[in-house]
Amino acid sequence: MKKLFFAAIPMTAALLAGVPAANAAEQIPADPDFSVATIDPEFSMVSARRLIIQNFIYEAEAAAGHKLFWVTYSEPNYAVIYQAQTFDPETDNDAFQSLITVLHDNGFPQVGAVAPALLAEQPAN
(Lines of atoms letter the chains of each structure in order from A and count residues from 1; the text may use other names and numbers.)
(Lines give C-alpha, C1' and ligand atoms only; values in the text may rest on other atoms or scores of the structure.)
Protein backbone atom coordinates (compact mmCIF):
# COMPACT_ATOMS: atom_id res chain seq x y z
CA MET A 1 0.00 0.00 0.00
CA LYS A 2 1.36 3.38 -0.97
CA LYS A 3 1.59 6.24 1.46
CA LEU A 4 -0.45 9.27 0.54
CA PHE A 5 1.40 12.46 -0.12
CA PHE A 6 -0.37 15.76 -0.48
CA ALA A 7 1.77 18.00 -2.66
CA ALA A 8 0.28 21.21 -1.25
CA ILE A 9 1.62 20.59 2.26
CA PRO A 10 5.38 20.64 1.44
CA MET A 11 4.84 23.56 -0.94
CA THR A 12 3.12 25.52 1.82
CA ALA A 13 5.89 24.61 4.26
CA ALA A 14 8.50 25.68 1.71
CA LEU A 15 6.72 28.99 1.15
CA LEU A 16 6.57 29.61 4.88
CA ALA A 17 10.28 28.84 5.11
CA GLY A 18 10.99 31.57 2.55
CA VAL A 19 11.54 29.38 -0.51
CA PRO A 20 10.18 31.12 -3.63
CA ALA A 21 7.07 29.53 -5.16
CA ALA A 22 8.96 28.53 -8.31
CA ASN A 23 11.42 26.49 -6.23
CA ALA A 24 8.82 25.05 -3.86
CA ALA A 25 7.83 22.27 -6.28
CA GLU A 26 11.47 21.22 -6.49
CA GLN A 27 11.51 20.72 -2.71
CA ILE A 28 9.01 17.84 -2.94
CA PRO A 29 10.84 14.56 -2.31
CA ALA A 30 10.94 12.06 -5.16
CA ASP A 31 10.15 9.04 -3.02
CA PRO A 32 8.61 6.07 -4.88
CA ASP A 33 6.65 5.10 -1.73
CA PHE A 34 4.64 8.30 -2.04
CA SER A 35 1.96 9.06 -4.59
CA VAL A 36 -0.47 11.90 -5.11
CA ALA A 37 -3.74 11.14 -3.33
CA THR A 38 -6.77 10.43 -5.43
CA ILE A 39 -10.25 10.88 -4.05
CA ASP A 40 -12.83 8.17 -4.52
CA PRO A 41 -15.77 9.83 -6.35
CA GLU A 42 -18.35 7.70 -4.53
CA PHE A 43 -16.93 8.65 -1.14
CA SER A 44 -16.84 12.30 -2.13
CA MET A 45 -20.45 12.23 -3.32
CA VAL A 46 -21.68 10.64 -0.09
CA SER A 47 -19.72 13.16 1.97
CA ALA A 48 -21.08 16.06 -0.08
CA ARG A 49 -24.64 14.80 0.31
CA ARG A 50 -24.26 14.45 4.06
CA LEU A 51 -22.86 17.97 4.26
CA ILE A 52 -25.91 19.27 2.39
CA ILE A 53 -28.15 17.50 4.90
CA GLN A 54 -26.16 18.82 7.88
CA ASN A 55 -26.34 22.33 6.43
CA PHE A 56 -30.13 22.04 6.09
CA ILE A 57 -30.42 20.89 9.72
CA TYR A 58 -28.22 23.76 10.89
CA GLU A 59 -30.33 26.32 9.02
CA ALA A 60 -33.63 24.80 10.21
CA GLU A 61 -32.45 24.84 13.82
CA ALA A 62 -31.22 28.42 13.49
CA ALA A 63 -34.64 29.45 12.15
CA ALA A 64 -36.48 27.54 14.89
CA GLY A 65 -34.20 28.77 17.65
CA HIS A 66 -33.79 25.34 19.24
CA LYS A 67 -32.50 21.83 18.55
CA LEU A 68 -34.83 19.95 16.19
CA PHE A 69 -33.29 16.65 15.19
CA TRP A 70 -30.17 14.77 14.13
CA VAL A 71 -29.64 12.10 11.51
CA THR A 72 -27.71 8.84 11.51
CA TYR A 73 -26.92 6.82 8.41
CA SER A 74 -26.81 3.07 7.97
CA GLU A 75 -26.38 1.12 4.81
CA PRO A 76 -25.80 3.11 1.66
CA ASN A 77 -29.28 4.59 1.36
CA TYR A 78 -30.99 4.47 4.77
CA ALA A 79 -31.21 7.36 7.22
CA VAL A 80 -32.81 7.63 10.66
CA ILE A 81 -34.09 10.97 11.98
CA TYR A 82 -34.03 11.38 15.76
CA GLN A 83 -36.23 14.17 17.05
CA ALA A 84 -34.82 16.19 19.94
CA GLN A 85 -36.70 16.74 23.20
CA THR A 86 -37.25 20.35 22.11
CA PHE A 87 -38.98 19.26 18.88
CA ASP A 88 -42.55 20.61 18.79
CA PRO A 89 -44.75 18.69 16.31
CA GLU A 90 -47.10 21.63 15.88
CA THR A 91 -44.50 24.26 14.96
CA ASP A 92 -41.59 22.15 13.68
CA ASN A 93 -43.45 19.73 11.39
CA ASP A 94 -42.67 21.74 8.23
CA ALA A 95 -38.93 21.49 8.95
CA PHE A 96 -39.34 17.75 9.56
CA GLN A 97 -41.13 17.23 6.24
CA SER A 98 -38.51 19.35 4.46
CA LEU A 99 -35.74 17.24 6.00
CA ILE A 100 -37.36 14.09 4.62
CA THR A 101 -37.43 15.72 1.18
CA VAL A 102 -33.77 16.77 1.49
CA LEU A 103 -32.83 13.21 2.48
CA HIS A 104 -34.71 11.76 -0.50
CA ASP A 105 -33.15 14.29 -2.88
CA ASN A 106 -29.67 13.43 -1.62
CA GLY A 107 -29.74 9.67 -2.05
CA PHE A 108 -31.54 8.42 1.05
CA PRO A 109 -34.92 7.11 -0.15
CA GLN A 110 -35.42 4.98 2.96
CA VAL A 111 -36.00 7.16 6.01
CA GLY A 112 -36.95 6.13 9.52
CA ALA A 113 -37.86 8.43 12.39
CA VAL A 114 -37.63 8.16 16.16
CA ALA A 115 -39.77 10.47 18.29
CA PRO A 116 -38.36 11.91 21.50
CA ALA A 117 -38.98 9.97 24.68
CA LEU A 118 -42.06 11.05 26.58
CA LEU A 119 -41.35 12.72 29.86
CA ALA A 120 -43.93 12.43 32.59
CA GLU A 121 -44.04 14.65 35.61
CA GLN A 122 -45.41 13.46 38.88
CA PRO A 123 -48.33 15.65 39.96
CA ALA A 124 -47.70 17.78 43.02
CA ASN A 125 -49.80 16.86 46.08
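Note that the sequence shown covers residues -24 to -1, 1 to 101 in mature numbering (1 follows the signal peptide of the UniProt record, and there is no 0).
Glycine residues also receive a C-beta, built at the ideal position from the N, C-alpha and C atoms.
- By the C-beta density criterion, Val47 is buried, having at least 16 other C-beta atoms within 10 angstroms.
- Annotation for Ala91: Gln59 place their beta carbon closer than 7 Å to its own, counting only its chain and skipping 5 residues before and after.
- If you draw a straight line from the Cα of Gly83 to the Cα of Asn53, it is about 6 Å long.
- The DSSP-derived three-state label of Ala55 is strand.
- Around the beta carbon of Ala24, fewer than 16 other beta carbons sit within 10 angstroms, so the residue counts as exposed.
- Annotation for Thr62: His42, Lys43 place their beta carbon closer than 6 Å to its own, counting only its chain and skipping 5 residues before and after.
- For Leu94, same chain residues with a beta-carbon under 8 Å away, outside a window of 5 residues either side, do not exist.
- Here the alpha carbon of Tyr34 sits roughly 14 Å from the alpha carbon of Leu79.
- Residue pairing of Gln98 in beta bridges, as defined by DSSP: absent, with no partner found.
- Annotation for Thr48: the continuous beta strand (DSSP E) segment containing it runs 45 to 50.
- Phe45 and Ile57 do touch by the CB rule: their CB atoms are close to 5 Å apart, below 8 Å.
- With a contact defined as Cβ atoms closer than 8 Å, Leu75 and Ala39 miss out at about 12 Å.
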